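One structure below.
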Amino acid sequence: MSNHLKYNYIIELSNVDTIYEGEKIPAIRDVNLKIKKGEFLCVIGPNGAGKTTLLETINGLLKHTRGKVNIFGKEIRKFGSSIRKEVGYVPQGFSVSSLMPFLVKDVILMGRFGKIGLFKSASDEDYLKAKEAVKLVEIDGLLKKPIGKLSGGQLQKVMVARALAKDPKILLLDEPFSSLDFKASAEISERISFLHEKKNLTTLMVIHNIPSIPKRCKRIVLINEGMVIQDGPVNEVLNSGSLKFAYKVRK
Amino acid sequence: MIILPYQIILTVVIGACLAGIACSLIGTFIVRMKLSSLGFCMSHAAFAGSALGLVLHINPLSMAILFSIAVALFLGPLVEKAKLHADVILGIMFSLMLSLGLIFLNFAPETAMSSTAMGILWGSILGMNTSDIINLTILTSLIIVLMILFSKEFKAIMFSRKMAEASGINTRPFYYLLLFLTGITVSLSLKLVGGLLVFALIVNPTSIVCQFSYNIKKIILFSPLCGIVCCLMGILLSFLFDFPVGSSIAIFSSIFFGIAVIFSPKRKRG
Ligand SMILES: Nc1ncnc2c1ncn2[C@@H]1O[C@H](COP(=O)(O)OP(=O)(O)OP(=O)(O)O)[C@@H](O)[C@H]1O
Ligand SMILES: [Mg+2]
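As given, the protein sequences belong to chains W and A, one line each in that order.
Residue numbering for the first sequence is 1 to 251, as defined by the working numbering.
Residue numbering for the second sequence is 252 to 521, as defined by the working numbering.
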């Protein structure tokens, strides 16, 4: 990413559809989303609404089938790998086989491997950044454990550390608190908010539990059946009828 | 037991060590990337190719490489996309390749059937010659160099291809590089180990080592050693009892695996 293009929006989706292979109906449909550098967004919506699909369309792990996805002002279709070097991703419910032969510290450092680039090995700086990420989510005690021997919550913290290790410009989190206890989720939420403030880190977080939406989040995107049905300031979205509609709450 | 000249024994031992290193190194990656069934198909394709080469009097080695890489190019995309029924297609392809190979061998000239053809099936300690050793040396060095050069990328992909991709690695070239190396490795090891069981030498050593460590560095380091042991012991067995080489390696490494499972610290409590 040597020549930084000028861009108005760090993430810009116009009329985007994503259809999974072998499917007919798009999992997300006609999505228009413009996000400025440094924004903190939460994405909400019922199960199967298309939240995960949206995040993976943004970082290009899923190929969109219509429209345009521009990240840092560049087309994800053309510059996928180089864009992903700057985008941290914490997947939803990530799990590994219990026999997976990697230690926690290996897995965290791996977050930087794309960024380090071909033919180079990890430098002091890479280890330092990985260490910082470890400190931030407080998993110092887990470093030498095999990755397959962690609890669900511990693994989730490791995946957050892995995403942060590369010092991303955009952070995509897919339900990062789903397996964390209330204390850990409050702490990690606070750390993410801290990073957002300190580094002006553009953050997109899929979250189910509306009360745990971090205070720094100023904007909510509500998705239902693959479409963005509300996009605006937190209170506006939460108090709108769309929320009840999406979750099919009567009265 | 047969008495063999020193020269031949040396060739066999060196060949076995090289094949052991190449197969088990490749195996470590194949197994971790869940490509075992694809590799299995590729080794049977190599067998079919080699058999056809024998019948048509074309260099069996190049035919083996051609066949296994063709299978990789055909099945690779299906497995890669985890397309529906990839398992079924792999199963069909494996039996197809095996039957083709057996049919080709039926057409092989009578004299060939006795030695070379059997060698392609079951492996032979007499199959190796100097040019095989040279080829295996080049291949083994190439594998080691590539694994070192791209160790970051391969490690990340072994952990999770999706997460490797998310970290900004373009994983496809590495996937096909691995399949390509697998095709050449099974083809070159064919003469020694035989087409039917060459896959034991790919899967078993790394699986044995995996019973003892969670550290990928150690696994990558010790799998080739284990591969050498399996290969040499297999040849010794074959030597002593006149078993086919492939079978001896498969039997020895399976017993070794069984023992490893029993003594694995991974299965102990306290
Ligand atoms: N691999 C896949 N192949 C086909 N369809 C898929 C696949 N993954 C998801 N879908 C479909 O796409 C739609 C959106 O799925 P997605 O995972 O984005 O939902 P989500 O909003 O993240 O749900 P959840 O809250 O349960 O995580 C769903 O209808 C789902 O059935
Ligand atoms: Mg989801």
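Glycine residues also receive a C-beta, built at the ideal position from the N, C-alpha and C atoms.
Note that the structure is a prediction, hence the values are computed from the model and not measured.
8 Å Cβ cutoff, residue i in contact with chain W
| i | result |
| --- | --- |
| residue 421(A) | yes |
| residue 407(A) | yes |
| residue 257(A) | no |
| residue 562(A) | There is no way to answer for residue 562(A), as the model of chain A reaches only from 252 to 521. |
| residue 410(A) | yes |
| residue 395(A) | no |
Interface partners of residue i on chain W, CB under 9 Å
| i | result |
| --- | --- |
| residue 280(A) | Simply none; closest approach about 12 Å. |
| residue 371(A) | Those within 9 Å of residue 371(A) in chain W number zero; the least Cβ separation is about 34 Å. |
| residue 331(A) | None at all; the shortest Cβ gap to chain W is about 11 Å. |
Where residue i meets chain A, residues with beta-carbon distance less than 8 Å
| i | result |
| --- | --- |
| residue 84(W) | 416, 417, 418, 419 |
8 Å Cβ cutoff, residue i in contact with chain A
| i | result |
| --- | --- |
| residue 138(W) | no |
| residue 81(W) | yes |
| residue 116(W) | yes |
| residue 146(W) | yes |
| residue 194(W) | no |
| residue 166(W) | yes |
| residue 89(W) | yes |
| residue 300(W) | Only positions 1 to 251 of chain W appear in the structure, and residue 300(W) is not among them; the question remains open. |
Under 8 Å by beta carbon: chain W residues contacting residue i
| i | result |
| --- | --- |
| residue 467(A) | 101, 102, 106 |
| residue 470(A) | 101 |
Rounded Cβ spacing between residue i and residue j (contact assumed at less than 8 Å)
| i | j | result |
| --- | --- | --- |
| residue 461(A) | residue 99(W) | 7 Å |
| residue 298(A) | residue 446(A) | 3 Å |
| residue 234(W) | residue 213(W) | 7 Å |
| residue 319(A) | residue 438(A) | 6 Å |
| residue 206(A) | residue 277(A) | With chain A covering 252 to 521 only, the question about residue 206(A) has no answer from this structure. |
| residue 163(W) | residue 112(W) | Not a contact, Cβ separation roughly 11 Å. |
| residue 404(A) | residue 431(A) | Their Cβ separation, rounded to whole angstroms, is 15 Å, which puts residue 404(A) and residue 431(A) out of contact at 8 Å. |
| residue 287(A) | residue 454(A) | 6 Å |
| residue 80(W) | residue 223(W) | At roughly 23 Å, the Cβ-Cβ gap does not stay under 8 Å, so residue 80(W) and residue 223(W) are not in contact. |
| residue 96(W) | residue 13(W) | About 31 Å separates the two Cβ atoms, so there is no contact after all. |
| residue 110(W) | residue 418(A) | 7 Å |
| residue 139(W) | residue 120(W) | Actually they do not touch by this definition, with Cβ atoms about 26 Å apart. |
| residue 384(A) | residue 486(A) | That belief does not hold up - the Cβ atoms of residue 384(A) and residue 486(A) are roughly 14 Å apart, past 8 Å. |
Partner residues on chain A for residue i, Cβ-Cβ distance less than 9 Å
| i | result |
| --- | --- |
| residue 113(W) | 403, 404, 406, 407, 415, 418, 419, 420 |
Proximal chain A residues relative to residue i, where beta-carbon distance stays under 7 Å
| i | result |
| --- | --- |
| residue 21(W) | 332 |
| residue 205(W) | The premise fails here: residue 205(W) is roughly 16 Å from chain A at the closest Cβ pair, so nothing lies under 7 Å. |
Per-residue contacts from residue i into chain W (C-beta, under 7 Å)
| i | result |
| --- | --- |
| residue 400(A) | 119 |
Inset, instruction - Could you please tell me which residues of the region 48–67 of chain W, in chain order, have their CB closer than 8 Å to any CB of chain A? - result: 59, 61
Inset, instruction - Select from the region 491–508 of chain A all residues with a C-beta closer than 9 Å to any C-beta belonging to chain W, and list them in chain order. - result: Those would be none; no residue qualifies.
Inset, instruction - Pull every residue with its beta-carbon under 7 Å away from any heavy atom of ligand 2, and keep them in chain order. - result: 51(W), 52(W), 92(W), 174(W), 175(W), 206(W)
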